[in-house]
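Working notes, beginning with the structure itself.
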Amino acid sequence: MKRTFPLIIAAVAGYVMVVAYFMPALQQVREDAEEWFNILAAIAMILGGASILGMHLRKVSDRRAGWGFSVVTLLGFLVTLYVGLFKVGVPPMPEYPDRAWTGEYIAQGSALWWSFEYIIYPITATMFALLAFYVASAAFRAFRAKNLEAMLLLGTAFVILLGRSYAGTLLTGWYAEEYPNLTLPGLTDMIMGVFNTAGQRAVMIGIALGIAATSLKILLGIDRSYLGSRNG
Amino acid sequence: MAMIGWLVLWFSAPAALAQDAATGIAEEAGNDSVEAAPATPPAPPARLVAEDKPNDAGNTIMLSWELSPDDDITLDEARLQGYRLYRADVTDPGRELEFELAAGVRDLTLQRDEFEDSHRLIRPSRSFQYRLVAVGVDGTESEPIELDTPISTTRSWFDPNRSWFLGLMLLISFWIVLFIYLAQKGVDLKIRKIAGLEAVDEAVGRATEMGRPILFVPGIQDMNNIQTVAGITILARIGRTAAEYDARIEVPTSRSLVMTTARETLESSFLSAGRPDAYHEDMSYYVTDEQFGYVAYLTGYMSREKPAACFYLGAFFAESLILAETGNSIGAIQVAGTAEPAQLPFFVAACDYTLIGEEFFAASAYLSGEPEQLGTLKGQDVGKIIGGLLIIVGCLLATAASVTQNPQMEWAVNYLKFSVLGTEEPPEELLDQDLIEERMEEEADGANGEEQAFGGAWTEGNTQT
């Protein structure tokens, strides 16, 4: 029963989504099913919060290595939860100036807004900025000319790199009027528009068929491993 | 007319804001001196037409009208702010409602002659009357225009634009089900080796030998994403192997629902491996929904714990390279799989094995080795044959249409492109034979004209020389 019931729910929800795609009259049912998922995900958030609390409290109480970071995590979690739930510093809506809690929880000037603006955004931007360095190190490794294929890859990358920058126009601009397709920007456009697009579409077709087959396996109950069981 | 409950749809232009301010200043100055002259209302728009949007749930009405003569961008001075559209629910005369359109639509006011009304009140059981006025810069409304008769909508039970898609889907599904049936009957199905999946046991074994943990990352999307589901199905197998080898596995997640699913999956995997005692809930835990917060945790974990094997199987975006490069720097054996084409090159560059697109979805069937599941892979192959045939036919048709300039060929190409492979209503001018012929003639005339002009200039130039 523990396996059968979720299987039935998954199959029914899946069939409803498929049928509703072709029947506009069932659009509302489809939207309702999506709402159910959101409700489930919201309830699961409580479990997520409990997981964070449990894990880090244990780490602190056991004095495991790096327990100080867990204290910071717990403090951050609880403070954010408090200022968000209780709308700390949220100005009231202009329509109801004398009523507290009427403003948006993330309204400008609130404590939650402040923490996002001055803590979360800079930190996430920093993490994202690191990507540039990772790209450089990955490119250095990927473009080593070890064999013919690697040399082709390196040559193509070189053309694209120059073609996407001012250097490409500067180096090959003098014959752009006579042979526009043979300039570095022209070659770049051709590589991206023909070879790259063809490859990407081939991958996309495979992905689409893979999604169809996976969905069918789940709808027919053939693949139950996502429920934690091979044989149901 | 019994029209109560007008709903106001209010459009205005950014220029109107400045105009309002200017008017306000003028009004303030004018109040002290003389009384303002009555404002002249602008000219009204004309021919308000409403249509029920076809092939929908009966919840959209399409409105169009002819612009007011005062809505002219060539005029030196703007005369209109925009238009106001009032709607009345004729079937429910007792209710009175009024609202404004969202601020984002206000900029679309002037020169706008159509609007799709998809308000939640619009349903097939109700009838609506509309009234449209032009609004002058001083706020005065023009004479209203109305629909001749109220409009009601109908609910479509089938969208014919998606019939080809339905047919193709049923065809591919038929082949998948047929191969599942054949596999159950014992027909031998040959599946090529997928290196990335062969490496799963090797990676888990390596982690066991080194006494280091295995890190499994199921992507950053929730359980409603098929990639996450595909990742979790592979986790079932990895979890079982880890349980058999007595290796430590960790599954940090960025969604709570994925955490609960991963816990269930791991519990069953350990149970099926005969090691229920080795399972504990903390193997899978929630970190954060924040994309780069999750990445920061994972990279920190990798640097500290140095897992021997890292699996990235799910939906990944900008974080893919950060994770894969960090894993590479600690010397972990890495297996990645995703259906995000833009992230595949990053995984290929930094991981030992990458499951590209369909391989990722084939993993569950491949690893299970069950005949029913392997049958689905063969069914996918038939889908690829159908796709390949459609590509060849499309290429041949498009080439023939381009070479012969034949309207029938052009029609066939457009039909394949928009009706067979598309799911939205195709543009009328591309599927109407007469319109295609007209357009081709115009294009041919245009080309001749250019040729003549070019030839004339060339001759003239020569003469001058």
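Line order of the protein sequences matches chains A and B. Those letters in the first sequence? Residues 17 to 248, per my numbering, in order. Those letters in the second sequence? Residues 81 to 545, per my numbering, in order. Ideal Cβ placement from N, Cα and C applies to all residues, glycine included.
Using a 10 angstroms sphere on the CB of B:ASP514, the tally of other CB atoms stays under 16, which defines it as exposed.
Interface criterion met: the Cβ of A:GLU50 is under 9 Å from a Cβ in chain B. According to the DSSP secondary-structure assignment, B:THR333 is paired through a beta bridge with B:TYR366.
Between the alpha carbons of B:ALA422 and A:THR172 lies a gap of roughly 17 Å. B:PHE396 is the residue among B:LYS273, B:PHE396, B:SER198, B:LEU246 whose C-alpha sits nearest the C-alpha of B:GLN301. Under the Cβ criterion of 9 Å, B:TYR365 is counted among the residues facing chain A. The beta-carbon distance between B:ALA429 and A:ALA154, rounded to whole angstroms, is 4 Å. This is short enough to meet the 8 Å contact definition. The alpha-carbon of B:LEU143 is positioned some 45 Å away from that of B:THR368.
Between the segment 499 to 519 of chain B and the segment 477 to 489 of chain B, the count of Cβ pairs shorter than 8 Å is three or higher; the stretches touch. Contact of B:GLY467 with chain A by beta-carbon distance below 7 Å involves ILE221.
In the DSSP assignment, B:TRP145 falls within the unbroken beta strand (DSSP E) covering 141 to 146. Annotation note: the segment 118 to 180 of chain A contains the following uninterrupted alpha helix (DSSP H) runs of length 4 or greater, listed N- to C-terminal: 127 to 131, 137 to 145, 147 to 158, 164 to 179. In this model, B:ASP228 and B:PRO121 are separated by some 23 Å (Cα to Cα).
Taking 9 Å as the cut-off, the beta carbon of B:ALA416 is found closer than this to the beta carbon of B:LEU393. Interface annotation, A:ALA161: not in contact with chain B, CB-CB separation never under 9 Å.
With a cut-off of 8 Å on Cβ pairs, the segment 375 to 382 of chain B is not in contact with the segment 339 to 347 of chain B, counting fewer than three such pairs.
Secondary structure within the segment 270 to 328 of chain B: the alpha helix (DSSP H) runs of 4 or more consecutive residues, fully enclosed, are 275 to 290, 306 to 325 (chain order).
The C-alpha of B:GLU278 is placed about 15 Å away from the C-alpha of B:GLY319.
For B:GLY276 against B:GLU438, the beta-carbon gap comes to about 12 Å, at or over 8 Å, which does not count as contact. In this structure, A:THR204 and A:GLY184 form a Cβ contact; the two beta carbons are roughly 7 Å apart against a cut-off of 8 Å.
B:PHE195 has B:LEU143 as its beta-bridge partners, per DSSP. With contacts defined by Cβ atoms closer than 9 Å, B:ALA404 and B:GLN371 do not form a contacting pair. Across the segment 39 to 66 of chain A, CB contacts with chain B closer than 7 Å involve MET39, PRO40, ALA41, GLN43, GLN44, PHE53, LEU56, ALA57, ALA60, MET61, LEU63, GLY64, in sequence order along the chain.
Where B:LEU190 is concerned, there is no enclosing alpha helix (DSSP H), because DSSP gives it neither an H nor an E. For B:GLY373, a Cβ of chain A is located within less than 9 Å of the residue's own Cβ. Within the DSSP secondary-structure output, B:VAL215 pairs in a beta bridge with B:GLY162, B:GLU221. At least one C-beta of chain B is nearer than 9 Å to the C-beta of A:GLY226. Here the alpha carbon of B:ARG384 sits roughly 15 Å from the alpha carbon of A:SER86. Every alpha helix (DSSP H) of 4 residues or more that sits fully in the segment 390 to 443 of chain B is shown, in chain order, as 399 to 409, 424 to 430. The beta-bridge partner set that DSSP reports for B:TYR210 consists of B:ARG167. Nearest CB-CB separation between A:VAL151 and chain B: below the 9 Å threshold. According to the DSSP secondary-structure assignment, B:GLU131 is paired through a beta bridge with B:MET142. Between the alpha carbons of B:TYR433 and B:SER349 lies a gap of roughly 23 Å. With respect to A:ILE221, B:GLY467 sits close: the two C-beta atoms are nearer than 9 Å.
The C-beta of B:TRP237 comes closer than 9 Å to at least one C-beta of chain A. Under the three-state reduction of DSSP, B:GLU505 is assigned to coil, being neither helix nor strand.
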